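Only one structure is covered here, and it is reproduced in the block below.
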Amino acid sequence: VEDIMQEIPVGLIGGGFMARVHSLGYAALPYFFWPRQVTMGKRRLADQEEGLARQAAERFGWEEHTCDWRAVAEASDIGLVDICTPNDLHAEIALSAIAAGKNILCEKPLAMSADEAWTMYEAAEQAGVVHAVGFNYRMTPAVQMAKRLIDEGKIGRIYHFRGFYLQDFGIDPKLPLSWRFQAARAGSGSLGDIGAHVIDMAQYLVGDLARVTADAETFVHDRPLATSVLDTLAMARQGSPSTARGTVDVDDGVSFLIRFANGAMGTIEATRFAYGRKNHLAFEVNGDCGSIRFDWERRNELYFYSADDPADQQGFKTIIAGPPHPYGEAMWPMAGIGTGYLESTVILLQELSYALAGKGGAMPTFEDGWKVCAVLDAVQESARQGNWVTIPPMPPFQVPAPTDSSQFGSSIC
Ligand SMILES: NC(=O)c1ccc[n+]([C@@H]2O[C@H](COP(=O)([O-])OP(=O)(O)OC[C@H]3O[C@@H](n4cnc5c(N)ncnc54)[C@H](O)[C@@H]3O)[C@@H](O)[C@H]2O)c1
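In our numbering, each residue's number is its place in the sequence shown (first place is 1) plus 605.
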């Protein structure tokens, strides 16, 4: 079998946490999925700090490093630009890379606002490049199984979606004021950082949101200034030796009521202030034929209640994710071995590689990125005003006939 269809040299921008995850993902992809759709070679990594760029490139297996992100985004030898920087840089980098005809994988939230996200989506569509956004959690086999059950009508008409993303790393007031606590760099706090994943999950599983009403709070109003550009949780645990302090101007916790366009109702909560909750991304969906529950901290299990079960056997059953489930055959040979954070990224990269090979690709795209940003904007507006806010429809854009924009644009597909 021909295993190398197309070379797509990758350039990654950012040398922090997600750079590590994505680097591992590119390396692991052929360990899980074979034959490959395209070869995504780790060509060049950029970070603003020379030391970080050099170390990340050496450690994560990149051929070259640079401190200039344009030497990745606009370089003639790069086919896919992978954006793993703080959120305020996503749009500038993506637009510059799209103008150079690059395919894009951008971390979430896609942008600082829905307007910015729409500009990115429109530019990518008009350039005819492949675009993906890093909503990796939805790619988890158990979540994919939840999607299959819902699409097959196994829980029927959906009445409720209840979603959480709870962490506790923000509680320590000594935690430095990293970019995650600054509106100018992050856009929002727990909302965009972790709530974005639950919003994506809600819209992926149930449908588009129509309106929200929200409440948000900042519990710790100032923090010691960070002494490093890198915001790793390891650093967070050490605290910062800096005595200078800066203002936190994002939400530490947020909760909101949601109403879907299809009439289903629900709630979403996101916080970095819930002791005991480490990475508790969880949801429950209730329909007129049954219910589904999922908790990322037990991500190899899906809980399914069917109203069709005999009355004396009713209750949630635990499905153990394994080979019979979506992507399961490519994972490990037995149910119960389990998949983790890395595998969710690998599955996303596999779908991206299908798209790069011109064969579709069922990954989250900039359209999904826009849909989440539209909700983030509405939640923030509602939290400020204290009323229901309607999610606007996506503005229309004209997609011209595809042009041959670059060697690595969609023309290869
Ligand atoms: N999908 C997920 O599960 C997930 C998890 C964590 C973070 N994220 C997202 O990934 C992105 C990065 O987060 P992270 O946790 O890796 O942050 P991080 O702080 O660990 O790393 C960010 C890196 O970007 C670098 N950087 C900043 N400005 C730069 C510039 N001008 N040029 C080049 N490099 C620059 C920093 O030096 C740092 O190394 C964010 O958008 C975040 O929301 C996604």
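Just so it is clear, CB atoms sit at the ideal spot from N, CA and C, and this is done for glycine as well.
Quick caveat, the model's predicted, so the values are computed rather than measured.
Subject >> Nearest candidate by alpha-carbon position, reference Ala879, set Phe769, Phe740 and Phe638 >> reply: Phe769
Original post:
Tell me which same chain residues have a C-beta within less than 7 Å of the C-beta of Glu934, skipping the five on either side of it?
Top reply: Pro928
Subject >> Three-state secondary structure (DSSP) of Arg842 >> reply: At Arg842, the pLDDT of 46 sits below 50, so the modelled position is not reliable and the matter cannot be decided from this model.
Original post:
What's the call for Trp901, buried or exposed, on a 16-neighbour Cβ count within 10 Å?
Top reply: buried
**OP:** Per DSSP, which residues does His736 bridge with? Please list them.
**Re:** Ile709
Original post:
Between Leu715 and His695, which are expected to be in contact by the criterion C-beta below 8 Å, what is the C-beta distance as a whole number of angstroms?
Top reply: 6 Å
Original post:
Hey, is the region 634-645 in contact with the region 653-660, meaning 3+ C-beta pairs nearer than 8 Å?
Top reply: no
Original post:
Within 7 Å: the Cβ of Phe774 and any heavy atom of ligand 1?
Top reply: no
**OP:** Please look up how many angstroms separate the CB atoms of Ser793 and Val890, rounded, as I've assumed it's under 8 Å.
**Re:** With a Cβ gap of about 25 Å, Ser793 and Val890 do not count as contacting.
Subject >> Beta-ladder partner(s) of Val686, from DSSP >> reply: Gly616 and Ile709
Original post:
Three or more beta-carbon pairs under 8 Å between the region 676-695 and the region 939-955, yes or no?
Top reply: no
Original post:
Under a three-way DSSP split, which group does Thr823 fall into?
Top reply: coil
Original post:
When the Cα of Arg675 is compared with those of Ala737, Glu697 and Pro635, which residue comes out closest?
Top reply: Glu697
Subject >> Opposing strand residues paired with Asp900 [DSSP bridges] >> reply: Ala887
Original post:
Between the C-alpha atoms of Glu822 and Gln772, what's the straight-line distance to the nearest angstrom?
Top reply: 15 Å
Original post:
Per DSSP, what kind of secondary structure is Ser958 in: helix, strand or coil?
Top reply: helix
Original post:
Relative to the C-alpha of Ala651, which residue among Ala815, Ser949, Ile618 and Leu629 is closest?
Top reply: Ile618
Subject >> Close-in-space but distant-in-sequence residues of the same chain around Leu782 (CB under 7 Å, 5 per side omitted) >> reply: Arg828, Pro829, Leu830, Ala831, Gly851 and Val853
Subject >> Stretch-stretch touch, CB-based, cutoff 8 Å, three pairs: the region 978-992 with the region 716-734 >> reply: yes
**OP:** Tell me Met1104's beta-bridge partners as DSSP assigns them.
**Re:** The chain is shown from 606 up to 1018; residue 1104 falls before or after that span and cannot be answered.
Subject >> Asp652 Cβ short of 7 Å to ligand 1 heavy atom set >> reply: yes
**OP:** Return helix, strand or coil for Val984, following the three-state DSSP convention.
**Re:** helix
**OP:** Go ahead and label Ile613 buried or exposed: buried means 16 or more other beta carbons lie within 10 angstroms of its beta carbon, across all protein chains shown.
**Re:** buried
Original post:
Among all the DSSP beta bridges, which residues are the ones paired with Val859?
Top reply: Ala821 and Ala875
Subject >> Check: Asn992 C-beta below 7 Å from any heavy atom of ligand 1 >> reply: no
Original post:
Applying the criterion that 16 or more other CB atoms from any shown protein chain within 10 Å of the CB defines a buried residue, is Arg664 buried or exposed?
Top reply: exposed
Subject >> Close Cβ partners of Asn741 (< 6 Å) along its chain, the five nearest in sequence each way excluded >> reply: Ser949, Thr950 and Leu953
**OP:** Please report how far the alpha carbon of Thr876 lies from the alpha carbon of Phe774, in whole angstroms.
**Re:** 10 Å
Original post:
Between Ala624 and ligand 1, is the CB less than 7 Å from at least one heavy atom?
Top reply: yes
Subject >> Val626 versus Thr745: straight-line alpha-carbon distance, rounded >> reply: 15 Å
Original post:
What three-state label does DSSP hand His627 in the structure shown?
Top reply: helix
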